[in-house]
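Note sheet for the following structure.
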Amino acid sequence: MKTVFSPLHAGHAGNVELISGAIVPAFEKPSRAEFIKARVESEKLGPILPPESHDLAAVKKVHSGDYIDFLPTVWPLWEASGRTGSAMPFTWPTRGLRGDVRPRTIDAQLGFYSFDGGATFVKGTWEAIKSSFDVALTAAALVKAGEPSAFALCRPPGHHAGAAFMGGYCFINNAAVVAQWFRDQGARRVSILDVDYHHGNGTQEIFYSRGDIQVINLHADPMTEYPFFLGHADERGAGPGEGFNLNYPMPFGTSWDGWNASLEDGCAKLTAYAPDVVVVSLGVDTFEKDPISQFKLKSADYPKIGRRIARLGLPTLFVMEGGYAVEEIGVNAVGVLTGFEDR
Ligand SMILES: NCCCNCCCCCC(O)(O)C(F)(F)F
Ligand SMILES: [Zn+2]
1 MKTVFSPLHA GHAGNVELIS GAIVPAFEKP SRAEFIKARV ESEKLGPILP
51 PESHDLAAVK KVHSGDYIDF LPTVWPLWEA SGRTGSAMPF TWPTRGLRGD
101 VRPRTIDAQL GFYSFDGGAT FVKGTWEAIK SSFDVALTAA ALVKAGEPSA
151 FALCRPPGHH AGAAFMGGYC FINNAAVVAQ WFRDQGARRV SILDVDYHHG
201 NGTQEIFYSR GDIQVINLHA DPMTEYPFFL GHADERGAGP GEGFNLNYPM
251 PFGTSWDGWN ASLEDGCAKL TAYAPDVVVV SLGVDTFEKD PISQFKLKSA
301 DYPKIGRRIA RLGLPTLFVM EGGYAVEEIG VNAVGVLTGF EDR
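The UniProt record's numbering numbers the first residue of the sequence shown as 1 and each following residue consecutively.
Following this line, the structure appears as structure tokens:
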């Protein structure tokens, strides 16, 4: 399997996040991608290719233009306002406030275009964001060109980013961008299978009213876990999208048997949908040792996920999302990929 990777992810470094009332170093850090890359090499998964560069056209098919055009202006505006630390919002237009008027202050604009304080900017963040979707689009082109599968080693991740908002370490929804790209390249139906521990609220929001892109999410129950405000089982899609959004919320402590029951049902629904291609939002924060997550999957379980996805018998693009147990992130993420290839 070929991997696409860009060293430009490393410019998104030194970020902080707000956890339990304290500003702490961000869990979404450069070593995550480096450990995965090292494991791709040590497992001899296949060649590691640099991304082709793309313009923003494919991105603006799923994200609003004003939101995307805002992203590269953040750091310059933040610096121009005299700040040096991570650019982070602290006010959001929630119920009863106006979300149709964008204030002039950069701090407010960050809140205008986000749902939490988890998507922060430093000097190299925009370059990293751009390299991440270039990686995803380059890997998608490999699958379109006939590769049975490919691995987009994306960083930053994307599945919490909606049409016009960022959050949860996500800025551009890489999986959504490539799913739309496959449609534009002639795929009649595309399935997105999101196995990250957290619900892919952004991906759901982007495709919620569409029947041509099926979105299947396996995740921790939002009644008790981030992102909290989307991801319930009764969210089944709207209008033409009714029935094409499937959520499998699961309780804290879920281990392989319970998680696999959701995977089996999701795969049956995917097979019934008969897509031309599958995009896997690959997060491995379902791992028992993940520092911010509450599922109990073991490293030996990840190859089983890959084997099950391979049994779908469809062209498959893996897009990297989350996972914070950095020592084991490579073993677990690449375990899915070697399992897919049944090695
Ligand atoms: N205790 C409060 C910390 C807030 N937690 C934010 C969790 C973000 C999870 C991101 C992710 O893993 O879903 C992604 F795949 F997008 F990277
Ligand atoms: Zn996650």
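Don't be surprised by glycine CBs; every beta carbon is placed ideally from N, CA and C.
Just so you know, these numbers come straight off a predicted model, no measurement behind them.
Less than 8 angstroms separating the beta-carbons of residue i and residue j?
i	j	result
residue 249	residue 231	yes
residue 331	residue 281	no
residue 191	residue 275	yes
residue 285	residue 198	yes
residue 128	residue 319	no
residue 307	residue 339	yes
residue 75	residue 125	yes
residue 254	residue 228	no
residue 12	residue 156	yes
residue 269	residue 216	yes
residue 90	residue 117	yes
residue 84	residue 15	no
residue 5	residue 48	yes
residue 113	residue 145	no
residue 292	residue 35	no
residue 241	residue 287	no
residue 328	residue 283	no
residue 188	residue 214	no
residue 182	residue 210	no
residue 139	residue 317	yes
residue 173	residue 186	no
residue 171	residue 45	no
residue 1	residue 341	yes
residue 218	residue 256	no
residue 61	residue 184	yes
Rank the options by C-alpha distance to the C-alpha of residue i and give the top, closest one.
i	options	result
residue 25	35, 194, 86 and 224	86
residue 3	104, 134 and 295	134
residue 106	119, 81, 117 and 93	81
residue 344	337, 110, 317 and 343	Past the boundaries of the shown model lies residue 344; the chain is included only from 1 to 343, so the question cannot be answered.
residue 149	50, 303 and 279	279
residue 175	164, 193 and 189	193
residue 115	201, 62 and 145	201
residue 303	219, 260 and 269	260
residue 143	343, 314 and 342	314
residue 221	262, 185 and 164	262
residue 265	277, 246 and 283	246
residue 137	180, 218 and 68	180
residue 23	88, 101 and 51	88
residue 79	99, 66, 123 and 43	123
residue 30	57, 337 and 132	132
residue 344	43, 103, 7 and 212	Outside the shown range of the chain (1 to 343) lies residue 344, about which nothing can therefore be said.
residue 205	162, 169 and 219	162
residue 305	334, 94 and 177	334
residue 77	104, 98 and 94	104
residue 9	277, 154, 94 and 177	154
Apply the 10 Å Cβ neighbour rule to residue i and answer buried if 16 or more other Cβ atoms are within range, or exposed otherwise.
i	result
residue 59	buried
residue 37	buried
residue 130	buried
residue 235	buried
residue 96	exposed
residue 223	exposed
residue 195	buried
residue 19	exposed
residue 272	exposed
residue 345	An answer regarding residue 345 cannot be provided, because it is not within the stretch 1 to 343 covered by the chain.
residue 343	exposed
residue 55	exposed
residue 301	buried
residue 40	buried
residue 51	buried
residue 203	buried
residue 32	buried
residue 21	exposed
residue 101	exposed
residue 239	exposed
residue 323	buried
Can you pull the DSSP bridge partners for residue i?
i	result
residue 17	24
residue 194	217 and 281
residue 246	216
residue 333	For residue 333, which the question treats as bridged, DSSP gives no partner whatsoever.
residue 87	121
residue 3	48 and 151
Next on the checklist: My parser needs the alpha helix (DSSP H) runs of 4 or more residues fully inside the stretch 22-82; what are they?
Outcome noted: 30-42, 65-70 and 74-80
Next on the checklist: Quick check for students: name the residue ranges of the beta strand (DSSP E) that lie wholly in the stretch 95-174, counting only runs of 3 or more.
Outcome noted: 149-152
Checklist entry - Relative to ligand 4, what is the chain-ordered list of residues with a Cβ closer than 5 angstroms to any of its non-hydrogen atoms? => result Ligand 4 is absent from the structure shown, which contains only ligand 1 and ligand 2.
Checklist entry - Taking only runs of the beta strand (DSSP E) that begin and end inside the stretch 252-333, which ones reach a length of at least 3 residues, in chain order? => result 277-282 and 316-320
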